[in-house]
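Novice: Sharing a structure here in structure tokens format.
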Amino acid sequence: MKKIVLLVIGLLFLPAITLAYQVNIDAPETLTVGKPLVVSGVTTFPPGMSVDVVLYYQLTTTTEIKRQVVSIKPDKTFKVVFDTTGLTTGTYKVEVPVNGMGDSVTMRLVRIVDRSDEIRMDSDTTQEFNGTLVIAGTIEGDENSGVQVEIVGPDGSVVFGPQFVNTDSEGSFSTNVPIRVPGKYEVSFTDAKGFIGTRVLIAEGPQTPVPTLSEAAASRKVVSAHTVSSQNTPAFFSVKTIPGPVMLYTSSSADWVIEYSDDNGVLHRENNQDARNPEKAAFTGTGSTVFVSVYPNDPAVQGEVYLYAENAESVSVSPTKPAPFATASSRASGGLPALSLTPLAGLAALAAALFLRR
């Protein structure tokens, strides 16, 4: 009789034991086709245990596309990366197919979009190798703005960028990239809305490398960050510069104002463009960190601003107001000085005293 009672008690606790393990996964809601789909997760499964992560395509029925087996790390996390190159646009599902996980989140929906039609290449797909690769085209919707370009060479290494290239009033761009060997070059385009797509250009010619590029001809590094900004709450950035010429660019979604503090603590202000063109600021970097403030020229405007820095190690959003802006007596050097009210207050007091004496 006791054995039966123990068996019943054990069966009652079995669901609780099953629910002891949890799995929670995370994945982006929207992704451009061609970009890696990163699925990360955290679990109470023991380290070393393996789980399946499956990518499904959801239409009228669910079709398995890819499956990966991953081992749980010592910190109880896991991560897999799915290649989305060539996938059809639409809704996909990533899932860890386990049962009885209680409050676990074992499934996420991901929408795969294709923006590659926004790119129209004007340069030849196949070019004669002469040491220069011509990159020219038009980006739909990026008029008077710019696009970030990155080029991967035949050996898989980055030969250009990521670098910000300006677009004109029709969204057209053009740049000449020095290359050393012929072969296949993958050109990737990214704008303020995210990854756009990739184009393949081929340089045909003899397998004789051209002379090594000088430092002056080498492409400069471009980094960026973005956040929301208004006149009441400006966006603050920290820019870790590289010694040499530094160029700052904003996105062109509004008439932005750039302020930055130099190594002497002097604030400089740039507002030479309008909403159709990115605001720019140029100075000489010394390897130090430069603090930047960006806000709209129109007090009624509030929106997201991107700050691009050419020839800089990093750009990051500052969570607090940097010291140069907190202690400045005016918004920038050369700005209008604050009107002193002390003399006016004195005159008012004197007039009041004379009136009372009467």
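Residue 188 in numbering that gives the first Met the number 0 is what sits at position 189 of the sequence shown, and the numbering runs on without skipping anything. The C-beta atom is built at its ideal place from N, Cα and C for all residues, glycine as well.
Taking all protein chains shown into account, decide if Ser-49 is buried (16 or more other Cβ within 10 angstroms of its Cβ) or exposed.
Specialist: Ser-49 is exposed by the Cβ-count criterion.
Novice: To the nearest angstrom, how far is the alpha carbon of Pro-205 from that of Gly-182?
Specialist: In a straight line, the C-alpha of Pro-205 is about 10 Å away from that of Gly-182.
Novice: Counting along the chain, where does the beta strand (DSSP E) carrying Met-48 start and finish?
Specialist: Segment: none, Met-48 is in no beta strand (DSSP E) and carries neither H nor E.
Novice: Thinking just about the alpha-carbon of each residue, which of Asp-261, Val-222, Phe-235 and Leu-266 is nearest to the one in Gly-284?
Specialist: Per the Cα distances, Asp-261.
Novice: Return the Cβ separation of Asn-143 and Arg-275 in integer angstroms, given the expectation that the two are a contact with Cβ distance under 8 Å.
Specialist: 4 Å between Cβ atoms; contact.
Novice: Using the C-alpha atoms, what's the distance from Gly-136 back to Glu-169?
Specialist: Rounded to whole angstroms, Glu-169 to Gly-136 spans 10 Å at the Cα level.
Novice: Is it buried or exposed, Val-95, if we count other Cβ atoms within 10 angstroms and call 16 or more buried?
Specialist: When all chains shown are included, Val-95 counts as buried.
Novice: Measure the C-alpha to C-alpha separation of Ser-72 and Pro-46 and round it to an integer number of angstroms.
Specialist: The question names Ser, yet the displayed sequence has Lys at residue 72. Cα-Cα distance, rounded: 5 Å.
Novice: Let me know the secondary structure DSSP gives Ala-281 once reduced to three states.
Specialist: Ala-281: strand per DSSP, three-state reduction.
Novice: To the nearest angstrom, how far is it from the Cα of Ile-150 to the Cα of Gly-160?
Specialist: Roughly 7 Å separates the two Cα atoms.
Novice: Compute the Euclidean distance between the alpha carbons of Pro-27 and Val-69, then round it to the nearest angstrom.
Specialist: Taking the straight line joining both Cα atoms gives about 19 Å.
Novice: Please classify Thr-42: does DSSP put it in a helix, a strand, or coil?
Specialist: Strand at Thr-42.
Novice: Rounded to a whole number of angstroms, what is the C-alpha to C-alpha distance between Val-53 and Asp-74?
Specialist: About 22 Å.
Novice: Whose C-beta lies closer than 6 Å to the C-beta of Tyr-294 among residues of the same chain, with five residues either side of it excluded?
Specialist: Result list for Tyr-294: Ser-228, Gln-230, Pro-233 and Val-256, in chain order.
Novice: On the DSSP bridge list, what partners appear for Ala-202?
Specialist: Note: Ala-202 sits in a beta bridge opposite Gln-126 and Gly-182.
Novice: Pick helix, strand or coil for Ala-274, following the three-state DSSP scheme.
Specialist: Residue state, collapsed to three classes: coil.
Novice: Measuring CB to CB, does Ser-187 end up less than 8 Å from Val-314?
Specialist: Their beta carbons are not under 8 Å apart, which means Ser-187 does not touch Val-314 by this criterion.
Novice: Should Val-421 and Val-158 be called a contact, given that it needs their Cβ atoms to be closer than 8 Å?
Specialist: The displayed coordinates of the chain run from 0 to 357. Any statement about residue 421 would go beyond what the structure contains.
Novice: Cα separation between Phe-282 and Ser-251?
Specialist: Whole-angstrom Cα-Cα distance: 21 Å.
Novice: Rounded to a whole number of angstroms, what is the C-alpha to C-alpha distance between Glu-258 and Pro-298?
Specialist: The straight-line gap from Cα to Cα measures roughly 16 Å.
Novice: Check whether the region 102-117 and the region 243-250 touch, using three or more Cβ-Cβ pairs below 8 Å as the test.
Specialist: Short answer: they don't touch.
Novice: Between which two residues does the beta strand (DSSP E) harbouring Pro-177 extend?
Specialist: It spans 171-177 - the beta strand (DSSP E) in which Pro-177 sits, taken as one unbroken run.
Novice: From this set, Ile-134, Glu-127 and Ala-322, which residue's C-alpha is nearest Val-121's C-alpha?
Specialist: Checking the sequence, you will find Asp at residue 121 rather than Val. Ranking Ile-134, Glu-127 and Ala-322 by Cα distance to Asp-121 puts Ile-134 first.
Novice: Is the separation between the beta-carbon of Gly-359 and that of Gly-33 shorter than 8 Å?
Specialist: Outside the shown range of the chain (0 to 357) lies residue 359, about which nothing can therefore be said.
Novice: Mapping DSSP to helix, strand and coil, what is Ala-191?
Specialist: Ala-191: coil per DSSP, three-state reduction.
Novice: From Ile-201 to Gly-152, what does the alpha carbon distance come to, in whole angstroms?
Specialist: Ile-201 and Gly-152: Cα-Cα distance of roughly 10 Å.
Novice: Taking Thr-42 as the reference, which of Val-93, Val-245, Ile-24 and Thr-88 has the closest Cα?
Specialist: Minimum Cα distance to Thr-42 is reached at Ile-24.
Novice: Only counting the same chain, and skipping five residues up and downstream in sequence, which positions put a Cβ closer than 7 Å to that of Phe-128?
Specialist: Closer than 7 Å at Cβ, skipping near neighbours: Pro-181, Ala-202, Glu-203 and Gly-204.
Novice: Let's test the definition: count the other Cβ atoms within 10 Å of the Cβ of Gly-40 and tell me whether it reaches 16, buried, or not, exposed.
Specialist: That one is buried.
Novice: Please determine, among Gly-145, Val-22, Thr-76 and Leu-30, the residue with the shortest C-alpha to C-alpha distance to Glu-278.
Specialist: The shortest Cα separation from Glu-278 among Gly-145, Val-22, Thr-76 and Leu-30 belongs to Gly-145.
Novice: What number of angstroms, rounded off, separates the C-alpha of Glu-63 from the C-alpha of Tyr-55?
Specialist: Cα to Cα, Glu-63 sits roughly 4 Å from Tyr-55.
Novice: Tell me the rounded alpha-carbon separation between Thr-90 and Leu-132.
Specialist: When rounded, the distance between both Cα atoms is 37 Å.
Novice: What is the DSSP secondary structure of Ser-168, counted as helix, strand or coil?
Specialist: Three-state DSSP puts Ser-168 in coil, outside helix and strand.
Novice: Taking Val-93 and Val-38 to be in contact with their CB atoms under 8 Å, please state how far apart those CB atoms are, rounded to whole angstroms.
Specialist: Indeed they touch by this definition, with Cβ atoms about 5 Å apart.
Novice: Answer yes or no: do Ala-311 and Lys-239 have a C-beta to C-beta separation smaller than 8 Å?
Specialist: Yes. Within cutoff.
Novice: If we count the other Cβ atoms within 10 Å of its Cβ and call it buried at 16 or more, is Gly-333 buried or exposed?
Specialist: At Gly-333, the pLDDT of 39 sits below 50, so the modelled position is not reliable; the number obtained from the coordinates is stated separately. Label assigned to Gly-333: exposed.
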